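Single-structure report; data block below.
Chains as they are written, first to last, in the UniProt record's numbering: chain A, 1 to 304; chain B, 1 to 304; chain C, 1 to 304; chain D, 1 to 304.
In structure tokens form, the structure reads like this:
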């Protein structure tokens, strides 16, 4: 995994996204690497929901991981013998075409994760024959023969992971950054979603991801999970965030961090830090005017 | 004229709006009371243009003056004898119905101002018989008999005057204020007018007047003269002004001052000073985060 | 289930949402009742994705079903004996608080559906002790004792189902309708999402649901699934749909149908059918002008 | 004057813009050539107001006329002798720099028009010495010696004239057209000006002129006079006009006509006539759906 500082870290497995984030929150881990988005299946709702509530967390890095799947089986099983295949639902969805073409009669057995499905094959009582998992899982378990590689339907598929930690020092601004926020949709007035989007548009801040999620309270009550180009240390992003807070005071900041693709953000002159600084200085000079206003004296008036 | 502090001032007549404003700019007068808008004829372009350029000036007060016209004549002339009537073009336009009904054959003689037209009647060589002017002008010149009163076509007509001085202390915020700005329309991108209006709309600032004026350079090059509800000391107005400055750096602040009608400005919760202060504090707390970010250590990752 | 015309229909079970919709597409069923949204878990992505692509389908009715869960077990098992519980992941998520409070040590066994998990208990080889399912499933299977009722964490939870059929006659306009569309986000210009939302806002059409979904091609490529108030036979909705089609020609209409809550849509005067008809008639009268324009003859020009 | 078809017309002088337009309205003239905008002085309010009310008129052509001024005098007067100069106020404003540099002591005598001021010099009782007028006026009156040419302060100054006739056949679409409308600002809701501008922006229609004018009823009651790129026969313009009519039913169409500069209007794919036609056809196909909807029969439902 391409996490620059990760080699120094001790890796601690966690059963679920929630467990991983809980470990960060309670201090038993310093950070968690969790999937947030997948080019095929969309947002990872468990992650989106878990970081949107509870104690505050911060995304400090993002990583794009190409998605690759292998089919592993119990020792002695050949492809033609496979009757029941277990894996996580997302993985199953991404290999359906290959399954239909190669083992059309195979039945799907839901698994809590791809790794758990693979490891389960080693259990003598296992009630399925094969599992879909990542190549790394197969490598680490020599007892699991690989029946087929690259069985994913979309060769360009990618999962985006984020490294999440407790709030602390912000990652430095690099000029190629992303900022993630969670914005509950205010319910007291229509058009609030457009108002939210306008906070970004009016400052020339582009959005690279927007997802609606239910708050869980009732139908029609949403929050939005948004990735915006730029760093909160960029004036235009800070100004947009202030606008969001006014409209939706429960807006949550989830971090500013370098983009995995290192693509610098293009900024127009009128949304540059210089333009914001000049504008603030100008308004400040108006408000600072302190000399005494003429209250009486000579008043010229045209004889219109 | 209902200018609270005006009684203490010495009144100095000026031939034109430009002359009155020049007297303020060069210090020979402390303030000028000039007409800026008229419910019948619209913006007073001489005033709008004169305060939009040159050395900076500030509007410190506004006054609404009901428009009333009288017809004065040379001594000895009766209404039936009137053949030629002089006045300013705006005044003539506002009495046309009365003229058509009462002295339809009267010919119009353009005058540089209503007062000049009236005073001109006292000149033995005067080549017109009557003049349209304000009742006050007639009162001050006993030699000018009034042939008819209230001859304006629109009984509710009103002229808005503004008291203009050199930049100095801002009038205090009263909660029922107006702010006037001049915004040159940026030419480098389409939709700039909507961007300008959105600076106000996005902060819940209502506009009570908007006028386009040519910059004089070529067709299609405009500036906008705008009155907005609120005082620059209101956060939402200050924020809107900063937005204008970013979009159009030559934006000019012409003053914040009490409304003549004392109508308090209604403010929604999410555009109140409190909302702006809370938003700024929130963004500030994000930027101030100084504790050291975990760069290594335990990293929890779910076995997805 | 509160589907007015459903009693007359023969119910055909289908293993998955995709299987149910395929049955409609291939003609082996006339309609499918599928879940589309859940107040706790959000959009049902399988449904959203399945109706967004493939042969066109139409939503003709919506139904809101309160969510209620029971815990059923293998005969002879008491609550204190439960070690492993199977159900669908969504159901598990909605009963977590109850589980933590009552059988905290129970382990979760993923199931492909709540019904399958329940029925599985009747299998002698079943490797779990209990299942979470709907009360109806338990009623229909007398062999499954109910250990606990109403175990859902959110008593107001509701699932919204839609009745989907092949394109045909539109349900009649009732004045309390909803329209569902799928709009791929155009990628050739920034701000496209605001343009899409503005198509509704500019016609006074309120949105009750908006969900982003990946197209599956690559990260950042989305479509939006949107529910709007009103029927396509309402002029403002038809006009908004035409606007969407211009911006995103692959926009898909998924139906106009009566709201489950029978709440009439409020319409402002300037977005009423009458206003649209008057506007169209007015523009038509301009375009229909056919009399011959004066190309020569007398031309009056002021001597300015 | 560059009016293609004008040579065939008989020219009839009119005292004022109002008189010229009245002649068109009452049928004594077929068209009137009136100034509407001036690069130095801005909108010609007499024209803007006159065509915004009363019987409907149509602009059928526009002409750009370079502004050039000459100083003419009574016979025998030399430049050094000039004490009093008459002309229209707009002309005086445009020659001020030249006056200050060459005859700084000259006094201004208001005139009703530049031509009237020049012709007045031939009157033996004339109480001024010189007049500012157009070169053509001087050429047609050999008795008026020209003391100086090109005395305007802005050499690029231009006046835009429009040829106005009674409603009749629309000028043909050329691909380089302009459309003029008058839109009263609705008072019943804030933000109406942005709504009006959005009608154009949402269809990619650019504006080349926007002027606010008072309706004359009271302060703050405006109408907007707007020039938009394109012809009402362009779908995007027709659609924008329909939107204006909905928001402000008293919107007035003042004509679609070829641009004087022959600059073709650039149109984006999604605002082309083809895009509008495709969108309308698509919505039409939805509304035309006539086949009978399945009300009963087989209904597939997944066992979720």
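Beta carbons: idealized from backbone N, C-alpha and C, even for Gly. Computed from a predicted model, the values in this text were never measured in an experiment.
| query | result |
| --- | --- |
| Stretch-stretch touch, CB-based, cutoff 8 Å, three pairs: the segment 114-121 of chain D with the segment 86-101 of chain B | no |
| Cross-chain neighbours of residue 241 of chain D in chain C, by beta carbon under 9 Å | 279, 282, 283, 286 |
| Listed by chain order, chain E residues near residue 127 of chain D by CB distance under 9 Å | As a matter of chain content, chain E is missing from the structure shown, whose protein chains are A, B, C and D. |
| Own chain, CB closer than 8 Å to residue 277 of chain C, minus 5 neighbours either side, in chain order | 235 |
| Within-8 Å CB hit, residue 152 of chain A to chain C | no |
| Through-space distance from residue 167 of chain D to residue 288 of chain C, alpha-carbon basis | 11 Å |
| Whether residue 214 of chain A touches residue 212 of chain C by CB criterion (8 Å) | no |
| Buried/exposed call for residue 245 of chain B, threshold 16 Cβ in 10 Å | buried |
| Contacts that residue 247 of chain C makes with chain D (C-beta to C-beta distance below 7 Å) | 270 |
| Segment contact, 8 Å Cβ cut-off, at least three pairs: the segment 12-23 of chain B with the segment 45-52 of chain B | yes |
| C-alpha distance - residue 262 of chain B paired with residue 178 of chain B, whole-angstrom precision | 10 Å |
| Selection from B/250, B/136, B/269, B/78 that minimises the alpha carbon distance to residue 203 of chain B | B/269 |
| Proximity test, Cβ basis, 8 Å: residue 296 of chain C and chain D | Since pLDDT at residue 296 of chain C reaches only 42, below the 50 mark, its modelled position is unreliable, and the value read off the structure follows with that caveat. Closer than 8 Å to some Cβ of chain D, the Cβ of residue 296 of chain C qualifies, so yes. |
| Residue 252 of chain A in three-state terms, based on DSSP | strand |
| Nearest-angstrom Cβ-Cβ length linking residue 239 of chain B and residue 208 of chain B, presumed shorter than 8 Å | Not a contact, Cβ separation roughly 19 Å. |
| C-beta contact flag for residue 33 of chain A and residue 241 of chain A at 8 Å | no |
| C-beta neighbour in chain D for residue 9 of chain B, strict 8 Å | no |
| Residues that residue 253 of chain A contacts on chain B, provided the C-beta gap is smaller than 7 Å | 286 |
| Where the beta strand (DSSP E) containing residue 10 of chain A begins and where it ends | 10-14 |
| Residues of the segment 216-240 of chain C whose Cβ lies closer than 7 Å to any Cβ of chain D, in chain order | 232, 233, 238 |
| Interfacial residues, the segment 197-215 of chain D to chain B, with Cβ spacing under 8 Å | 197, 198, 201, 206, 207, 208, 209, 210, 211, 212, 213, 214 |
| Burial state of residue 13 of chain D, where buried means 16 or more other Cβ atoms lie within 10 Å | exposed |
| Below-8 Å beta-carbon distance, residue 173 of chain B vs any chain A residue | no |
| Cβ contact check for the segment 62-77 of chain D and the segment 190-200 of chain D: 3 or more pairs under 8 Å | no |
| Assigned exposure category for residue 292 of chain D - 16 Cβ within 10 Å defines buried | Unreliable positioning characterises residue 292 of chain D in this predicted model, as indicated by a pLDDT of 35, which lies under 50. A coordinate reading is not provided. |
| CB contact below 8 Å: residue 169 of chain A versus chain B | yes |
| Neighbour list for residue 160 of chain C in chain A, Cβ cutoff strictly below 8 Å | 219 |
| Reduced DSSP category for residue 286 of chain B - H, G, I as helix; E, B as strand; rest coil | helix |
| Beta-carbon neighbours of residue 40 of chain A, restricted to chain C and to distances below 8 Å | 214, 216 |
| Outcome for residue 87 of chain A when other beta-carbon atoms lying within 10 angstroms are tallied against a minimum of 16 | buried |
| Listed by chain order, chain A residues near residue 148 of chain B by CB distance under 7 Å | None at all; the shortest Cβ gap to chain A is about 21 Å. |
| Segment limits, alpha helix (DSSP H) that includes residue 200 of chain C | 192-201 |
| Contact list for residue 276 of chain D against chain C, beta-carbon separation under 8 Å | 242, 246 |
| Residue 49 of chain D in three-state terms, based on DSSP | helix |
| Pairwise C-alpha distance: residue 181 of chain C and residue 249 of chain C | 12 Å |
| Contact with chain C by residue 193 of chain A, beta-carbon distance below 8 Å | yes |
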